[in-house]
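Asker: Shown below is the structure under consideration.
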Amino acid sequence: MKKLLLIVFCYTFSITLFAQDNVDEALAFQYYQQADYEKAVVLLEKLFNKTKNDAYFDLYFTSLIKIKKYNEAESMLKKLIKQYPAKQNYAIALGRVLQENGRAAEADKIFQEAINSTPKDENRFRDLANSFYRIEAYDKAILVFLQARKVFDDDKMFVYELLSIYRFKKDKQALIQEYINALANEPMLLPQAQNILASVFEDRNDYQLLQSALLKKLQKTPDVEAYNELLIWQFIQQQEYEMALRQLIAQDKRTKGDGSLIYNTANVFVANKAYTTAIKAYEYLLTKGAENELYLPAKAELVNVKYELVIAGKFEKQQIQQLADDYEAILTQYGKSRQTLFALRKLAYLKAYHLNDLKKAELTLEQGLLVPQISQLDIGQNKLDLGDIYILTKQPWEAILIYEQVAKQFENQAIGNEAKFKSAKLSFYQGNFEYAKSQADVLKAGTTQLIANDAINLSLLISDNLQNTNDSLALQMYADAEMLQFMNLSANALIKLDSIAIAYPKNSLTDDVIMAKSKIYLKTSEIDLAVKMLKDIIANHTESIWMDDALFTLADLMEKKLNKPEEAKNLYQKLMTDFAGSMFNAEARKRFRNIRGDNVGI
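Written out as structure tokens, the structure reads:
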């Protein structure tokens, strides 16, 4: 019976002690989190002395530092070092105490001894580096990893750890060198290198550092393809597209490649409107011969990029005719098929909007509908193009019918919503404003953001300008001008827009007219005039429905056309601040952060 009572007593006592420890631990953590280090240090000292648990030690030691009890910390650490000489974290902690107490030389001596005395054991080096991490001595952690490389005679050790520290410290030079060293053996790191370097680089000088380092490395090891690809990438980041292409071609010739990297990068050139460089890239691919699998895609893209180059600026009719002939040649050589449907559609566009051959455009698109094995989506897009031609040939009912077919077939899909919006715009051109508004109102919600924004603008344009007879008549002239612009008759559209104020003075369409003119000037590449219009909106029409459009469009021009990043940044900031609900807000925020040098997309 006495033995049983003794067992029960011991068990109860141990539970009590365990419960007491839990209470002390909870209180210690609470005090620590509340920065009440005077109270925390008492409980943490008790818990550490009882358990010798390093989790308690870290909090106890930090609390001593916070309340500047350096002598107490030093004394405690010297005892622990004697008791546990193999535990380097105590020596590192002592070094930190000495640092905090103004004894930097003594601290450095302890740190260096710890590094130099680490045995040839990868885990011991990692533990030592972690000890430096905990006291935020990142330079010392770097020395640990570099010392390990010397000891093991292995430059591939601790690559990821060093990359992490260099990135945290934004040590660009070291980060560049570490990635260059790593890529020789781990080319799969290339996408990561591109993302991380883009996140820490702040200006052109940083890319120049990378370029110089890569060129030096390539002189010694020209066959490391990851270096070439990183060099090409940095040229593209600096918008040095010609240099990028030159490097691509040299690499392709050296490796006897299939041209796929050039083809993919040419698409990047097109996306950045570097059309001339893209043309050179596709022309190089054609020199590989018709048996190359990229021959037809390159030939098609070559004509397409010439098309973009021509319609992006002021063009001669002879250039348009040459493009049309190129598309005809593709269709003649390869026939009308799913692969050449793009040529049919582009040819129809040129015939309709630039060569004034509406009948040929209509016939071309009707032939496109008969091409075998094309997808339903391609058929739908072809029908939308055909509906647009019907408007030009003054067959509005045919246009409405075909738009409704597409809208019904692709209900609640992007192409279906586009068809509905085209139908609404046709009603607007015809002066059926109330009906056009009702159609636009349906599209304001539950559709793609771009269509929704266009629908909102159309609805507001109509509702804001039907307040009286004068405004309603002015709105009809405005609709006529938009119809002329739809027909690609830019000069006629400008004349009509300028006539509105003369015919109907003091109408409510002033800001709408200015915005419409800016869009025409952008289409005709008259950038200075477009900028003038957009600045007028921003300065003098702050309540306009076009304010966010004007801010974003002007910022885009400042950033990409006029090389004025600071002005672009200010405009993006104004858009984010004043128009939080704008569809442009997310893209504006991304571009603002990119110009400012933030870590975008990481």
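Counting with mature numbering (1 follows the signal peptide of the UniProt record, and there is no 0), you get residues -19 to -1, 1 to 583 for the letters of the sequence shown.
Virtual Cβ for every residue (Gly too), placed ideally from N, Cα, C.
1) How long is the line joining the alpha carbons of A405 and L267, rounded to whole angstroms?
2) Below 8 Å between beta carbons: does that hold for L211 and G240?
3) Could you give the distance in angstroms between the alpha-carbon of F92 and the alpha-carbon of R148?
4) Once DSSP output is grouped into helix, strand and coil, what is the label at L532?
5) Cutting at 7 Å between CB atoms, please list the residues of its own chain near M458, excluding the five before and the five after it.
6) What's the call for N3, buried or exposed, on a 16-neighbour Cβ count within 10 Å?
7) Under the rule that 16 or more other beta-carbon atoms within 10 Å means buried, what is I495, buried or exposed?
8) Considering only their Cβ atoms, is the gap separating A207 from P168 smaller than 8 Å?
9) How is F467 classed by DSSP in three states: helix, strand or coil?
10) Express the C-alpha separation of K516 and D537 in angstroms, rounding to a whole number.
11) Quick one: is T43 buried, meaning 16 or more other Cβ sit within 10 Å of its Cβ, or exposed?
12) Rank Y114, Q128, R115 and E103 by C-alpha distance to the C-alpha of E94 and give the top, closest one.
13) Residues in its own chain within less than 6 Å of L199 by CB, not counting five upstream and five downstream?
14) For Q128, name the three-state secondary structure that DSSP assigns.
15) Which residue comes first and which comes last in the alpha helix (DSSP H) that contains P278?
16) My output table needs one value for K121: the three-state DSSP class, helix, strand or coil.
17) Distance, Cα to Cα, R570 vs Y188?
18) From the DSSP output, in three-state form, read off T313 for me.
19) Assuming R77 contacts I116 under a Cβ cut-off of 8 Å, what Cβ separation, rounded to an integer in Å, is found between them?
20) Quick check: what's the CA-CA separation for T429 versus L556?
21) Under a Cβ-count criterion, where at least 16 other Cβ atoms within 10 Å of its own Cβ denotes burial, should E272 be classed as buried or exposed?
22) In whole angstroms, what is the alpha-carbon distance linking L40 and I73?
23) Measuring alpha carbon to alpha carbon, tell me which residue in T374, E385, I355 and P353 is nearest L365.
24) What residue from K287, I217, G349 and E297 has the CA that sits closest to N253's CA?
25) In whole angstroms, give me the CA-to-CA distance for Y110 and N575.
Answerer: The relevant details are as follows:
1) The count along the sequence shown starts at 1 and reaches residue 405 at position 424. The count along the sequence shown starts at 1 and reaches residue 267 at position 286. Distance between the alpha carbons of A405 and L267: 44 Å.
2) Mapped onto the sequence shown, residue 211 falls at position 230. Mapped onto the sequence shown, residue 240 falls at position 259. No.
3) For the purposes of this step, residue 92 is identified with residue 111 of the sequence shown, where counting begins at 1. For the purposes of this step, residue 148 is identified with residue 167 of the sequence shown, where counting begins at 1. Taking the straight line joining both Cα atoms gives about 23 Å.
4) As a working note, residue 532 is residue 551 in the sequence shown. Helix.
5) In the sequence shown, the residue the question calls residue 458 occupies position 477. K477, S480, I481 and A484, listed in sequence order.
6) Position 22 of the sequence shown, counted from the start, is the residue given in the question as residue 3. Classification of N3: exposed, given that the 10 Å Cβ count is below 16.
7) For the purposes of this step, residue 495 is identified with residue 514 of the sequence shown, where counting begins at 1. Classification of I495: buried, given that the 10 Å Cβ count is 16 or more.
8) On the sequence shown, position 187 is the one that residue 168 refers to. On the sequence shown, position 226 is the one that residue 207 refers to. Yes, they are a contact pair.
9) Here residue 467 is taken as the residue at index 486 of the sequence shown, counted from 1. Residue state, collapsed to three classes: helix.
10) Mapped onto the sequence shown, residue 537 falls at position 556. Mapped onto the sequence shown, residue 516 falls at position 535. D537 and K516: Cα-Cα distance of roughly 13 Å.
11) In the sequence shown, residue 43 corresponds to position 62, counting from 1. Classification of T43: buried, given that the 10 Å Cβ count is 16 or more.
12) Numbered from 1 along the sequence shown, position 113 holds the residue referred to as residue 94. For the residues Y114, Q128, R115 and E103, the minimum Cα distance to E94 belongs to Q128.
13) As a first step, residue 199 is located in the sequence shown; it is residue number 218 there, counting from the start. Here the set comprises Y208.
14) For the purposes of this step, residue 128 is taken as residue 147 along the sequence shown, with counting starting at 1. Helix.
15) Taking the first residue of the sequence shown as 1, we reach residue 278 at position 297. It spans Y276 to I292 - the alpha helix (DSSP H) in which P278 sits, taken as one unbroken run.
16) As a first step, residue 121 is located in the sequence shown; it is residue number 140 there, counting from the start. Three-state DSSP puts K121 in a helix.
17) The count along the sequence shown starts at 1 and reaches residue 570 at position 589. The count along the sequence shown starts at 1 and reaches residue 188 at position 207. The alpha-carbon atoms of R570 and Y188 are separated by roughly 23 Å.
18) Walking along the sequence shown from the start, residue 313 turns up at place 332. Note: T313 maps to helix in three-state DSSP.
19) Translated into positions along the sequence shown, residue 77 becomes position 96. Translated into positions along the sequence shown, residue 116 becomes position 135. With 8 Å as the limit, R77 and I116 qualify as a contact, their Cβ atoms being about 5 Å apart.
20) In the sequence shown, the residue the question calls residue 429 occupies position 448. In the sequence shown, the residue the question calls residue 556 occupies position 575. For T429 and L556, the distance between alpha carbons rounds to 21 Å.
21) As a position in the sequence shown, residue 272 is number 291, starting the count at 1. With fewer than 16 other Cβ atoms within 10 Å, it is exposed.
22) Within the sequence shown, the letter at position 59 stands for residue 40. Within the sequence shown, the letter at position 92 stands for residue 73. Taking the straight line from one Cα to the other gives about 15 Å.
23) By one-based count along the sequence shown, residue 365 stands at place 384. Ranking T374, E385, I355 and P353 by Cα distance to L365 puts E385 first.
24) Here residue 253 is taken as the residue at index 272 of the sequence shown, counted from 1. Here the closest residue by C-alpha is I217.
25) In the sequence shown, the residue the question calls residue 110 occupies position 129. In the sequence shown, the residue the question calls residue 575 occupies position 594. Correcting the residue type first, residue 110 is Ala in the shown sequence and not Tyr. Those two C-alpha atoms are separated by around 33 Å.
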